[in-house]
Amino acid sequence: MDASASSSPLPDAPWRRKFQRQILAWYAGAARHLPWRENRDPYRIWISEIMLQQTQVATVRGYFQRFIAAFPMVADLAAADEAEVLRLWEGLGYYRRARQLHAAAQEIVAEHDGQFPRDFDDVLALPGIGRYTAGAICSIAYDAQAPILEANTIRLHARLLAYREDPTKTPGQRLLWQFAEHILPTSDVSSFNQALMELGSEICTPRNPQCDACPVATLCQARQENAVAQIPAPKKKMQYEDRVEVAIVVRRKKEVLLRQCGEGERWAGLWDFPRFQVASEADLVSGQLASQLQERTGLSAAIGSRLTTIKHGVTRYRITLHCHEAERASGRLRKDETAPLVWAAVDQLHDFALSTTGRKIARLLAK
DNA sequence: AACACGGGGAC
DNA sequence: GTCCCAGTGTT
Numbered sequence: 331m332d333a334s335a336s337s338s339p340l341p342d343a344p345w346r347r348k349f350q351r352q353i354l355a356w357y358a359g360a361a362r363h364l365p366w367r368e369n370r371d372p373y374r375i376w377i378s379e380i381m382l383q384q385t386q387v388a389t390v391r392g393y394f395q396r397f398i399a400a401f402p403m404v405a406d407l408a409a410a411d412e413a414e415v416l417r418l419w420e421g422l423g424y425y426r427r428a429r430q431l432h433a434a435a436q437e438i439v440a441e442h443d444g445q446f447p448r449d450f451d452d453v454l455a456l457p458g459i460g461r462y463t464a465g466a467i468c469s470i471a472y473d474a475q476a477p478i479l480e481a482n483t484i485r486l487h488a489r490l491l492a493y494r495e496d497p498t499k500t501p502g503q504r505l506l507w508q509f510a511e512h513i514l515p516t517s518d519v520s521s522f523n524q525a526l527m528e529l530g531s532e533i534c535t536p537r538n539p540q541c542d543a544c545p546v547a548t549l550c551q552a553r554q555e556n557a558v559a560q561i562p563a564p565k566k567k568m569q570y571e572d573r574v575e576v577a578i579v580v581r582r583k584k585e586v587l588l589r590q591c592g593e594g595e596r597w598a599g600l601w602d603f604p605r606f607q608v609a610s611e612a613d614l615v616s617g618q619l620a621s622q623l624q625e626r627t628g629l630s631a632a633i634g635s636r637l638t639t640i641k642h643g644v645t646r647y648r649i650t651l652h653c654h655e656a657e658r659a660s661g662r663l664r665k666d667e668t669a670p671l672v673w674a675a676v677d678q679l680h681d682f683a684l685s686t687t688g689r690k691i692a693r694l695l696a697k
């Protein structure tokens, strides 16, 4: 690397022009057809961007189609019940996104006359929309000159610059946001930003990137340094914590007991079978489970046989969930303002938004 | 700066 | 199994 290049990591104007040209030309022939690329409706772009947060394109496709069919416009979403929104979000995870989406739609109706805002700062002020999502919506829908930085472009830019530190830490983020802004063209920002993500997603992949097919390989510093495989630096290994939990299916004739998860807890707003942690497998004693159930629901019941055991992960926890039936419930349901309890008919469980484990249990009961 | 928040795709 | 995914909000 020469002295002028090392004085600043940010490229000069000729480099930028070439980069923009190559990126846009490549994207013109390589863009995937995705449901949210059918038009430039900011509402649709917004829905897709929220769904795509920490969620892969392949997973989002079906959810997006169903969601748009149910709520074609902002006003439809704003007018819906939160329960309906959550039901359509079931299985996608990060359910706060759905609730903030719903709240934002109502805010748009109340404060922006039902029109998705045009101004970057107004977009950024909506719940669930941060710097990336605001930039993505405004650039993609309006061609606003707003930079973006997310998983694909973090990796892409780190390689272009041969940035060897962790690009997700504060210094890396500062540099890469600056870079993302620096390379923006003066027109076609919509295509340009989407092209960057497409390139990161399809060519500049985490493992075995297809540098041979990359339109900007000659501009890539990591490639020149033969360090593509070492950049970005591997993240610290996630330290998982094993947990044992129990879910109780309390039956009363053709009904089962459900509990709505409260604010500030996991799956807030969703329904689930009464569920709690136990210290270890050794504590799966029916007496202890019964008293836990009594404490949480007010009901006394005998813990019955094990329905199933589900292993799943939630953020940093690896959970082994033992599901037991409970019969002959007696006593009065506890009135709990923060987490309502209801009896739900087994054949109506499809109307409730359940966590994925809850849905697995529900499916067993329907058989 | 560190953490919580879900679930599944891909290898 | 492990890593990763078109991040945001809170502490």
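Residue numbering for the first sequence is 331 to 697, as defined by our numbering. Each residue gets a CB set at the ideal place from its N, CA and C atoms; glycine is no exception.
| Check | Outcome |
| --- | --- |
| With a threshold of 16 other CB atoms inside 10 Å of the CB of T483, please say whether the residue is buried or exposed. | buried |
| When the distance is taken between beta carbons, is H652 closer than 8 Å to T687? | no |
| Just grab the DSSP bridge partners of Q607 for me. | E575 |
| Given L505, which residues of its chain have a CB within under 6 Å of its CB, disregarding the five upstream and five downstream residues? | none |
| Might you give, ordered along the chain, the residues of its own chain that have their beta carbon closer than 7 Å to the beta carbon of F349, omitting 5 neighbours on each side? | I513, V546 and L549 |
| E437 to D451, Cα distance in whole Å? | 14 Å |
| Can you list, in chain order, the residues of its chain with a C-beta nearer than 6 Å to that of T650? Leave out the 5 residues immediately preceding and following it. | V574 and K641 |
| Report the rounded CA-to-CA distance for G359 versus N523, giving the unit in angstroms. | 15 Å |
| Per the contact definition of three or more C-beta pairs closer than 8 Å, is the stretch 615 to 631 in contact with the stretch 652 to 672? | yes |
| In chain order, what residues of the same chain lie with their CB nearer than 7 Å to the CB of F401, ignoring the 5 residues before and after it? | L407 and A410 |
| Looking only at its own chain, which residues have a Cβ that is under 8 Å from the Cβ of R396, when we skip the five neighbours before and after it? | L418 |
| Which residue spans inside the stretch 359 to 439 form an unbroken beta strand (DSSP E) run of at least 3? | none |
| Please name the residue in C591, L354 and G458 whose C-alpha comes closest to that of A669. | C591 |
| Could you name the residues of the same chain whose beta carbon sits closer than 7 Å to that of Q540, not counting the 5 residues immediately before and after it, in chain order? | I533 |
| Less than 8 Å between the beta carbons of G530 and R485, yes or no? | yes |
| For D602, which beta-bridge partners are listed by DSSP? | R589 |
| Could you give the first and the last residue of the continuous alpha helix (DSSP H) run that contains W673? | Looking at the DSSP string, W673 is not in any alpha helix (DSSP H); the run it does join, the beta strand (DSSP E), is L671 to A675. |
| For D681 and W601, I'd like the C-alpha separation in whole angstroms. | 10 Å |
| Just reading off the alpha helix (DSSP H) that L340 is part of, what are its end residues? | Segment: none, L340 is in no alpha helix (DSSP H) and carries neither H nor E. |
| Can you tell me the Cα-Cα spacing of T638 and F606, whole angstroms? | 16 Å |
| Do I467 and P372 come within 8 Å of each other at the CB atom, strictly closer than that value? | yes |
| Return the Cβ separation of A674 and L684 in integer angstroms, given the expectation that the two are a contact with Cβ distance under 8 Å. | Wrong, their Cβ atoms sit about 10 Å apart, outside the cutoff. |
| What does A656 pair with, by DSSP beta-bridge criteria? | V580 and I633 |
| Just verifying my parser: in three-state terms, what is the DSSP assignment at D332? | Summary for D332: the model assigns pLDDT 45, below 50, so the residue's position carries little reliability, and this model does not support an answer. |
| Identify, in the order they occur along the chain, each residue of the same chain with its Cβ nearer than 7 Å to the Cβ of R427, setting aside the five sequence neighbours on each side. | I380, Q383 and G458 |
| Just how far apart, CA to CA, sit S378 and F394? | 7 Å |
| If you follow the alpha helix (DSSP H) that P501 is in, where does it begin and where does it stop? | T500 to H512 |
| Helix, strand or coil, according to DSSP, for V615 in the structure here? | coil |
| Is the Cβ-Cβ distance between I478 and I375 less than 8 Å? | no |
| Select from V608, G392 and F446 the residue whose C-alpha is nearest the C-alpha of A577. | V608 |
| Using the DSSP secondary-structure output, state which residues sit across from I691 in a beta bridge. | Its beta-bridge partners do not exist; DSSP assigns none. |
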